[in-house]
Amino acid sequence: MIEILNLLTELPRAKDAGALVAGILRTLESRSTVGTNLRDINRWAQAMITEAGAQSCYVDYEPSFGRGPFGHYICTSVNDAVLHGLPYDYTLANGDLLTLDLAVSKGGVVADSAISFIVGDSKPPESVAMISATERALSAGIAAAGPGARIGDISHAIGAVLSEAGYPINTEFGGHGVGSTMHQDPHVPNTGRPGRGYRLRPGLLLALEPWVMADTAELVTDADGWTLRSATGCRTAHSEHTIAITNDGGEVLTLPKQAQP
1 MIEILNLLTE LPRAKDAGAL VAGILRTLES RSTVGTNLRD INRWAQAMIT
51 EAGAQSCYVD YEPSFGRGPF GHYICTSVND AVLHGLPYDY TLANGDLLTL
101 DLAVSKGGVV ADSAISFIVG DSKPPESVAM ISATERALSA GIAAAGPGAR
151 IGDISHAIGA VLSEAGYPIN TEFGGHGVGS TMHQDPHVPN TGRPGRGYRL
201 RPGLLLALEP WVMADTAELV TDADGWTLRS ATGCRTAHSE HTIAITNDGG
251 EVLTLPKQAQ P
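So in UniProt numbering, the last one in the sequence shown is 261, and the numbering has no gaps at all.
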């Protein structure tokens, strides 16, 4: 299903959901220090979502590829884990690479975003470079999104940055449409051919999410049935924003307030 929102009546609600997601993620980033337990991060996310009168899209999430329901409020992926990281009893260490992925429904509209960052004061250069590559790829994908463009234009822009940086690209999981639910069509692979695929229309919401693993494109699934890790044990990174296609281009909905244009 591809859902097109009314820009006049529904875009303001999408912006509210996006601002909430961005604010929660930045608060959790500031709290995620050496010694923080992943279960605390989940608990903090639950409290902030509930206080805002919103709903996590993950608690009852039960897709065919997971061992559902997910049962937690946020995805917490550490080091070699990159997607769907199930919060568990793990204490963050200096130099850990942590990805937080949060999707929330507020006012009947979903916003989805992810950030990767390094915990503590040890900053491995390879990890810093990998996070930067996903952020640059995300910016390139957003710049390619506008009315009349095609999904392949976004995928090509993202893939060009990731490939130039030297990372293998997995196309099994990527960006996707959002709206009244978290995962909708169209699928947005992290590499592709320009000029191909669905033509973007004003009112379409897309979650764009470049993610990479340092030396492989192959994923393995944890015994928990959810957490996806690099097959080689290498580190990973993931950056994601929800954007709205407007008459003027792609508008990012999940920027922190201080970063809003």
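All C-beta atoms, glycine included, are put in the ideal place defined by N, C-alpha and C.
Quick one: what's got a C-beta closer than 8 Å to A143's C-beta in the same chain, skipping five residues either side?
-> By 1-based counting over the sequence shown, the position of residue 143 is 143. Excluding residues within five positions, the ones whose Cβ falls inside 8 Å are A157 and G250.
From T161 to I131, what distance separates their C-alpha atoms?
-> Indexing the sequence shown from 1 puts residue 161 at position 161. Indexing the sequence shown from 1 puts residue 131 at position 131. Correcting the residue type first, residue 161 is Val in the shown sequence and not Thr. Rounded to whole angstroms, V161 to I131 spans 12 Å at the Cα level.
If V104 sits next to I49, beta carbons under 8 Å apart, how far is it from one beta carbon to the other, in whole angstroms?
-> Residue numbering aside, residue 104 sits at position 104 when the sequence shown is read from its first letter. Residue numbering aside, residue 49 sits at position 49 when the sequence shown is read from its first letter. With 8 Å as the limit, V104 and I49 qualify as a contact, their Cβ atoms being about 6 Å apart.
Enumerate in chain order the residues of its own chain whose CB-to-CB distance from I18 is below 7 Å, with the five nearest sequence positions on each side excluded.
-> In the sequence shown, counting from the first residue as 1, residue 18 sits at position 18. For clarity, residue 18 is Gly in the given sequence; the question names Ile instead. Excluding positions up to five away in sequence, the list reads A111, T242, L253 and T254.
Span separating the alpha-carbon of L219 from that of C75 = What you label residue 219 is simply residue 219 of the sequence shown in a count that begins at 1. What you label residue 75 is simply residue 75 of the sequence shown in a count that begins at 1. Going by the C-alpha atoms only, they are around 17 Å apart.
Closest by C-alpha distance to A231, when choosing among S56, G23, L205 and T221 = Stepping through the sequence shown from its first residue, residue 231 is reached at position 231. Checking every option, the nearest Cα to that of A231 belongs to T221.
Just how far apart, CA to CA, sit E164 and E3?
-> Here residue 164 is taken as the residue at index 164 of the sequence shown, counted from 1. Here residue 3 is taken as the residue at index 3 of the sequence shown, counted from 1. Distance between the alpha carbons of E164 and E3: 33 Å.
Same chain, Cβ closer than 7 Å to S113, neighbours up to 5 away in sequence not counted | On the sequence shown, position 113 is the one that residue 113 refers to. Here the set comprises V21, A22, L25, L102, E240, H241, T242 and T254.
Could you pull out every residue in the same chain whose Cβ sits closer than 7 Å to the Cβ of A137, ignoring the five residues on either side in sequence?
-> Taking the sequence shown and counting its residues from 1, the one referred to as residue 137 is at position 137. Here the set comprises I158, V161, L162 and P210.
For the beta strand (DSSP E) that contains M213, what are its first and last residues?
-> For the purposes of this step, residue 213 is taken as the residue at position 213 of the sequence shown. First-last of the beta strand (DSSP E) with M213: W211 to M213.
Quick one: any contact between the region 58-65 and the region 184-197, if contact means 3 or more CB pairs under 8 Å?
-> no
Straight-line gap, V34 to V109 (C-alpha atoms, nearest Å) = Translated into positions along the sequence shown, residue 34 becomes position 34. Translated into positions along the sequence shown, residue 109 becomes position 109. When rounded, the distance between both Cα atoms is 34 Å.
Considering only residues of the same chain and omitting the five flanking positions on each side of residue 327, which have a CB-CB separation below 8 Å?
-> This structure cannot settle anything about residue 327, because the visible part of the chain is limited to 1 through 261.
Nearest-angstrom Cα distance between P124 and L97?
-> As a first step, residue 124 is located in the sequence shown; it is residue number 124 there, counting from the start. As a first step, residue 97 is located in the sequence shown; it is residue number 97 there, counting from the start. Between P124 and L97, the C-alpha separation is close to 9 Å.
Check L92 in the structure and name its three-state DSSP category.
-> Looking up residue 92 in the sequence shown gives position 92. Of the three classes helix, strand and coil, the one that applies to L92 here is coil, per DSSP.
Would you kindly work out how many angstroms separate the C-alpha atoms of D40 and L28, rounded to a whole number?
-> Here residue 40 refers to the residue found at position 40 of the sequence shown. Here residue 28 refers to the residue found at position 28 of the sequence shown. C-alpha separation (whole angstroms): 10 Å.
Less than 8 Å between the CB atoms is what I'm expecting for A133 and V212, so what's the real figure, rounded?
-> In the sequence shown, the residue the question calls residue 133 occupies position 133. In the sequence shown, the residue the question calls residue 212 occupies position 212. About 7 Å; that satisfies the 8 Å criterion.
At what residues does the alpha helix (DSSP H) containing residue 268 begin and finish?
-> Here the chain has residues from 1 to 261 only, and residue 268 is not among them.
Starting from G250, follow the alpha helix (DSSP H) in both directions and report where the run begins and ends.
-> In the sequence shown, counting from the first residue as 1, residue 250 sits at position 250. First-last for G250: G249 to V252, but that is the beta strand (DSSP E), not the alpha helix (DSSP H).
Roughly how many angstroms lie between the CA atoms of T36 and H176, to the nearest whole one?
-> The count along the sequence shown starts at 1 and reaches residue 36 at position 36. The count along the sequence shown starts at 1 and reaches residue 176 at position 176. Their Cα atoms are separated by approximately 31 Å.
Inspect the beta-carbon positions of T171 and P147 and report whether they are closer than 8 Å.
-> By 1-based counting over the sequence shown, the position of residue 171 is 171. By 1-based counting over the sequence shown, the position of residue 147 is 147. Cβ distance not < 8 Å, so T171 and P147 don't count as in contact.
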